[in-house]
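In short: position in the sequence shown from 1, add 88, done, that's the numbering used here.
Where is the CB? At the ideal position from N, CA and C, for every residue including glycine.
Here the structure comes first, spelled out in structure tokens, and everything after it is commentary.
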Amino acid sequence: MQRYYFRSTSVKIARMWSSWLLKHYPEPFDYAEAGVDKLHLDAPDEKLMEFLPMFDVVVLSSGHWFAKKSVYILNNEIVGGQLWSPPKSHQDKMKINSIQAYDISAETILTSILAHPKYKGHTIVCSYSPDHYEGGAWEHGWIVHGEGEASWSGRTGGERIHKCHACTTG
């Protein structure tokens, strides 16, 4: 955790990193091997919950967490994964995709914060919007900020993009 103190205003800011805001670990679980993050979709990050009462304001900010190799666990049962495949004998048990996992995790952390008996602060949720532009799909990696040519990793997209809409978090 990083802590900042601003004397002129007596404001303290702490920055905590939690990859998923959920309970997670790399150890083996059931048939999921070691080295892959196991995410308990129904359990909040224990460190975050431990420090929560110390804060007056908590800002939750999100991104593409689901694009990491991980195993989804719900009610102590493996129910899905991202960039991970179960053994063939267990593939029929995969019930949750990454979008559903993200939804469940958001509900878990928000419900856990609300139910925390010692947290009396405010919580700000910053939703995430990937960069995109009019007439194109965000999932293809194209990024345009303002009017100009679309590019992917510095290459010219070959078309002019007008009336681009800037996406911001928050």
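Which stretch, first to last residue, makes up the beta strand (DSSP E) that contains residue i?
i: A189; result: First-last for A189: 186–203, but that is the alpha helix (DSSP H), not the beta strand (DSSP E).
i: F265; result: Nothing can be reported for residue 265, as the shown portion of the chain is limited to 89 through 258.
i: W160; result: Reading the sequence as shown, one finds Tyr at residue 160 and not Trp. Looking at the DSSP string, the run of the beta strand (DSSP E) that includes Y160 is 158–162.
i: G169; result: 165–170
Considering only C-alpha positions, which residue in the set the options is nearest to residue i?
i: D133; options: P174, A194, Q179, S186; result: A194
i: S186; options: V159, H204, I201; result: V159
i: Q170; options: L127, M89, Y119, S98; result: L127
i: D130; options: C214, T196, H210, Y207; result: T196
i: K156; options: T97, R95, S107; result: S107
i: L198; options: S149, W105, D125; result: S149
i: W105; options: V99, T97, S98, Q90; result: Q90
i: G209; options: G168, A189, K176, F139; result: F139
At what residues does the alpha helix (DSSP H) containing residue i begin and finish?
i: E115; result: No alpha helix (DSSP H) holds E115; DSSP gives it neither H nor E.
i: L136; result: 134–139
Should residue i be flagged as near chain B, meaning a C-beta pair shorter than 8 Å?
i: L171; result: Looking for chain B here will not work: only one protein chain is present.
Do residue i and residue j have their C-beta atoms closer together than 8 Å?
i: L162; j: L136; result: no
i: F143; j: A102; result: yes
i: D118; j: I192; result: no
i: I212; j: V147; result: yes
Less than 8 Å between the CB atoms is what I'm expecting for residue i and residue j, so what's the real figure, rounded?
i: S141; j: Y93; result: Strictly speaking, residue 141 in this sequence is Pro, with Ser absent from that position. Incorrect: roughly 19 Å between the Cβ atoms, too far for contact.
i: D125; j: P114; result: 6 Å
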